[in-house]
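Each residue of the sequence shown is one higher than the one before, counting from 7 in our numbering. Worksheet: one structure, shown below.
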Amino acid sequence: MGKPLAGKTIALTASRKVEEMSTLIEKQGGNVIVRPMQGTVYVAKEEIVSELKQMIDQGVDWFVLTTGIGTEKLVELAEEIGLKDELIESLGHAKIAARGYKTKNALKKLGLTADISDEDGTTNGLIHTMESISFKGSKVAVQLHGIPSPNLRTFFENEEAEVIEVLPYRHIAPDEKEVKTLYEEVVEGKVDAVCFTTFLQVRALFQYAESIKKEETLLNQFNKNVLAVAVGKVTAEALTDAQVTRVIVPDRERMGAMIVELAKFMEADK
């Protein structure tokens with residue numbers, strides 16, 4: 007029986023568990039190239055102080071919480087500057103929109119529940135749920151992870167809401183040389199598939215293409231020749247937001263499951 011990835015070159019954009027994924031790909035007969043594009047995510051302790059104080063002092067009508075780890079870090083940072091009780095009180099008085107089960111679990115630990123939540127674990131799913139609510143004139147605090155969310159900002163701007171973006175984690179972009187190299191490998195057809203494990207990696211690649219005015223070139227390659235593989239729904243959402251139409255995503259959000267799903271697709275596509 008042949009190996010499903012024989013003769014295929016797979017690019018990995020992750021910075022962690024690369025050896026494990028490489029081994030899985032090689033066992034299926036594939037070749038691996040590693041182009042880490044995660045960048046660095048750091049805790050923004052100093053930057054968050056003014057945002058926390060602004061939220062607590064002025065009060066907000068809605069909290070939009072998009073990640074469990076970010077929600078937990080926000081509370082942790084508030085505790086470090088002596089504002090934990092005030093933050094939890096503010097959360098209790100406001101309405102809460104939550105994305106994903108991890109965020110709802112983080113709220114549960116605080117004795118809080120979301121007023122609304124998504125149905126599919128994605129930002130677009132949360133936006134869809136919020137479309138039935140009027141936010142006009144509301145003050146909305148949006149907790150984000152690493153980088154701003156254009157989709158959420160556009161939604162609330164269209165709703166004429168006042169938005170405070172809160173990022174307990176901030177993102178430092180990856181090495182541009184790595185991004186440029188992968189871009190060239192994709193558009194020149196040197197890779198058969200690219201495996202993405204976070205939305206940050208997708209953003210980095212497409213923002214680079216946009217910066218050199220070659221976004222359509224990159225998009226055409228993904229939609230015709232190079233397979234985009236996402237570890238889960240949020241990463242897949244970033245690809246579909248970039249208008250990539252061919253996206254492979256496993257049912258289980260695991261790196262190993264992603265490689266298995268890729269192998270299945272390649273085998274069926276022969």
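Every residue, glycine too, gets a C-beta built ideally from N, C-alpha and C. From a predicted model like this one, the values you see are computed outputs, not experimental measurements.
Point to revise | Under 7 Å between C-beta atoms of Ala-244 and Phe-205 | key: Position 238 of the sequence shown, counting from 1, holds the residue named residue 244. Position 199 of the sequence shown, counting from 1, holds the residue named residue 205. Yes, the Cβ-Cβ distance between Ala-244 and Phe-205 is below 7 Å.
Exercise for review: Identify, in the order they occur along the chain, each residue of the same chain with its Cβ nearer than 7 Å to the Cβ of Gln-207, setting aside the five sequence neighbours on each side.
Suggested key: As a first step, residue 207 must be located in the sequence shown, where it is residue number 201. Around Gln-207: Thr-19, Met-43, Gln-44.
Point to revise | Simplified DSSP assignment, three categories, for Leu-118 | key: For this step, residue 118 is matched to residue 112 along the sequence shown. Residue state, collapsed to three classes: coil.
Check your understanding: Does the distance from the C-beta atom of Val-197 to that of Ala-17 stay below 7 Å?
Key -> Taking the sequence shown and counting its residues from 1, the one referred to as residue 197 is at position 191. Taking the sequence shown and counting its residues from 1, the one referred to as residue 17 is at position 11. Yes, the pair counts as a contact, with Cβ atoms nearer than the cut-off.
Point to revise | Contacting residues, own chain, Cβ-Cβ under 6 Å from Gln-34 (five flanking each side not counted) | key: Here residue 34 refers to the residue found at position 28 when the sequence shown is read from its first residue. Correct list, in chain order: Lys-9, Pro-10, Leu-11, Ala-269.
Review point. Where does Lys-9 fall in DSSP's three states?
Key: Residue mapping note: residue 9 aligns to position 3 of the sequence shown, counting from 1. It is coil, neither helix nor strand.
Review point. Looking at the structure shown, is Pro-174 part of a helix, part of a strand, or coil, going by DSSP?
Key: Here residue 174 refers to the residue found at position 168 of the sequence shown. DSSP places Pro-174 in strand when its eight states are reduced to three.
Check your understanding: Can you tell me where the beta strand (DSSP E) with Leu-97 in it begins and where it stops?
Key -> Taking the sequence shown and counting its residues from 1, the one referred to as residue 97 is at position 91. Where Leu-97 is concerned, there is no enclosing beta strand (DSSP E), although the alpha helix (DSSP H) it sits in stretches over 90-99.
Review point. Is Asn-3 near Gly-195, with beta carbons less than 7 Å apart?
Key: Examination of residue 3 is not possible in this model, given that the chain is present from 7 through 276 alone.
Review point. Looking at the structure shown, is Gly-195 part of a helix, part of a strand, or coil, going by DSSP?
Key: Against the sequence shown, residue 195 aligns to sequence position 189. Reduced to three states, the DSSP call for Gly-195 is coil.
Exercise for review: Have a look at Asp-126 and Gly-106 and give me their C-alpha separation to the nearest angstrom.
Suggested key: Locating residue 126 in the sequence shown gives position 120, counting from the first residue. Locating residue 106 in the sequence shown gives position 100, counting from the first residue. For Asp-126 and Gly-106, the distance between alpha carbons rounds to 8 Å.
Point to revise | Test item: CB-CB of Val-255 and Ala-236 under 7 Å | key: Indexing the sequence shown from 1 puts residue 255 at position 249. Indexing the sequence shown from 1 puts residue 236 at position 230. Yes, the Cβ-Cβ distance between Val-255 and Ala-236 is below 7 Å.
Point to revise | Secondary structure of Ile-218, DSSP reduced to three states | key: The residue you call residue 218 lines up with position 212 of the sequence shown. Looking at Ile-218 - three-state DSSP - the assignment turns out to be coil, as it is neither helix nor strand.
Check your understanding: Is the segment 165-174 touching the segment 130-147 in the sense that three or more CB pairs, one from each, lie closer than 8 Å?
Key -> yes
Exercise for review: Provide the residue(s) that pair with Gly-152 in DSSP beta bridges, ordered along the chain.
Suggested key: In the sequence shown, the residue the question calls residue 152 occupies position 146. According to DSSP, Gly-152 bridges with Arg-176.
Exercise for review: Spatial neighbours of Glu-182 within its chain, please: CB distance less than 8 Å, with the 5 preceding and 5 following residues excluded, ordered by chain position.
Suggested key: Walking along the sequence shown from the start, residue 182 turns up at place 176. Cβ within range, chain order: Tyr-214.
Check your understanding: Comparing alpha-carbon positions, which option in Glu-222, Glu-221, Arg-258, Arg-176 lies nearest Lys-239?
Key -> As a position in the sequence shown, residue 239 is number 233, starting the count at 1. Here the closest residue by C-alpha is Arg-258.
Check your understanding: Helix or strand or just coil, what does DSSP make of Phe-202?
Key -> Translated into the one-based positions of the sequence shown, residue 202 becomes position 196. Note: Phe-202 maps to strand in three-state DSSP.
Check your understanding: What do you reckon, are the CB atoms on Thr-77 and Ala-112 nearer than 7 Å?
Key -> One-based indexing of the sequence shown puts residue 77 at position 71. One-based indexing of the sequence shown puts residue 112 at position 106. In this structure, Ala-112 lies closer than 7 Å to Thr-77 by Cβ.
**Study point:** Length of the line joining the Cα atoms of Phe-202 and Thr-241
**Key:** Position 196 of the sequence shown holds residue 202. Position 235 of the sequence shown holds residue 241. Their backbone Cα atoms lie some 7 Å apart in a straight line.
Check your understanding: Ala-100 and Leu-132 look like a contact to me (Cβ under 8 Å); what is the Cβ gap, rounded to whole Å?
Key -> For this step, residue 100 is matched to residue 94 along the sequence shown. For this step, residue 132 is matched to residue 126 along the sequence shown. Their Cβ separation, rounded to whole angstroms, is 16 Å, which puts Ala-100 and Leu-132 out of contact at 8 Å.
**Study point:** Own chain residues within Cβ distance below 6 Å of Thr-223, not counting five before or after
**Key:** As a position in the sequence shown, residue 223 is number 217, starting the count at 1. Hits under 6 Å: Val-193.
Check your understanding: How should Arg-41 be labelled, buried or exposed, when 16 other C-beta atoms within 10 angstroms of its C-beta is the threshold for buried?
Key -> Position 35 of the sequence shown holds residue 41. Buried, by the Cβ-count rule.
Check your understanding: According to DSSP, what are the bridge partners of Lys-51?
Key -> Reading the sequence shown from its first residue, position 45 is the one you call residue 51. Beta-bridge pairing links Lys-51 to no other residue.
Exercise for review: Answer yes or no: do Lys-145 and Val-55 have a C-beta to C-beta separation smaller than 7 Å?
Suggested key: Taking the sequence shown and counting its residues from 1, the one referred to as residue 145 is at position 139. Taking the sequence shown and counting its residues from 1, the one referred to as residue 55 is at position 49. Going by C-beta atoms, Lys-145 is not nearer than 7 Å to Val-55.
Review point. By DSSP, does Lys-145 sit in helix, in strand, or in coil?
Key: As a position in the sequence shown, residue 145 is number 139, starting the count at 1. Lys-145 falls in the strand class under three-state DSSP.
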